[in-house]
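Contents: one structure, followed by commentary.
Numbering (our numbering), first residue to last: 1116 to 1341.
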């Protein structure tokens, strides 16, 4: 959501279902301002409370993700009452475009692609080790910068959970995203690399999570079970 395709210097403000994203000047540097949008269909006080709560939670999760060793945008400022976050501006290419095919896609060799997805698997495991669930773990929420940083973005749907089911749902969503943008064989190979990266951090816990992914697939649905 914060990416500028092919390192372009232009950015069009994005108004999504939950928030408006703008590029602003923050003490002489480019930054991203994320402001949660009021929902007119909700009670005004309830709506403000929910947006305040989610803004505060997202700020906390970004901070905790950093402490866990996950590269994500630095948080410069948070104003829960105004439901605004100001974050590091990350310029780069979305990971979903590192396929080597299609118009505008950035071509990379197989070893480079494998390395990126191995790191993504490690980041997922690091988040889960701190009981953080990304909530929207797809290749459109990962940026590759010009200096080869892999940056995980958009923690708007993130939450805290110790449940194996929630960790498995995170990875299952990524697996489905790969299948929707790659050939079946490539998606399988890439997800196997993600798993290798995940296992390198999580160790024995990984087996429980992978078993749960199979159970989710058997049930044939995506939704998190409460």
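Just so it is clear, CB atoms sit at the ideal spot from N, CA and C, and this is done for glycine as well.
Run of the beta strand (DSSP E) containing residue i, from where it starts to where it stops
i: residue 1139; result: 1134-1141
i: residue 1320; result: Where residue 1320 is concerned, there is no enclosing beta strand (DSSP E), although the alpha helix (DSSP H) it sits in stretches over 1320-1334.
i: residue 1150; result: 1144-1151
Beta-carbon spacing of residue i, residue j below 8 Å
i: residue 1252; j: residue 1239; result: yes
i: residue 1254; j: residue 1210; result: yes
i: residue 1200; j: residue 1173; result: yes
i: residue 1205; j: residue 1258; result: yes
Spatial distance of residue i from residue j (CA atoms)
i: residue 1148; j: residue 1185; result: 21 Å
i: residue 1194; j: residue 1170; result: 8 Å
i: residue 1136; j: residue 1291; result: 26 Å
i: residue 1188; j: residue 1156; result: 31 Å
i: residue 1192; j: residue 1202; result: 7 Å
i: residue 1144; j: residue 1299; result: 42 Å
i: residue 1179; j: residue 1322; result: 25 Å
Residue closest to residue i, alpha-carbon to alpha-carbon, out of the options
i: residue 1326; options: 1299, 1205 and 1281; result: 1281
i: residue 1317; options: 1268, 1183 and 1301; result: 1183
i: residue 1261; options: 1128, 1208, 1131 and 1141; result: 1208
i: residue 1267; options: 1284, 1296, 1278 and 1236; result: 1236
i: residue 1333; options: 1162, 1283 and 1301; result: 1283
i: residue 1167; options: 1150, 1231 and 1180; result: 1150
i: residue 1161; options: 1328, 1196 and 1335; result: 1196
Terminal residues of the alpha helix (DSSP H) in which residue i lies
i: residue 1104; result: Only positions 1116 to 1341 of the chain appear in this structure, which leaves residue 1104 out of reach.
i: residue 1255; result: Looking at the DSSP string, residue 1255 is not in any alpha helix (DSSP H), and its letter there is neither H nor E.
i: residue 1189; result: Unbroken run through residue 1189: none, as it is neither H nor E.
i: residue 1182; result: 1159-1182
Contact test: residue i Cβ vs the ligand ATP heavy atom, cutoff 7 Å
i: residue 1176; result: The ligand ATP is not part of the structure shown, which contains no ligands of any sort.
Counting Cβ pairs closer than 8 Å, one from the region 1308-1316 and one from the region 1260-1280, do we hit at least three?
-> Segments in contact, no.
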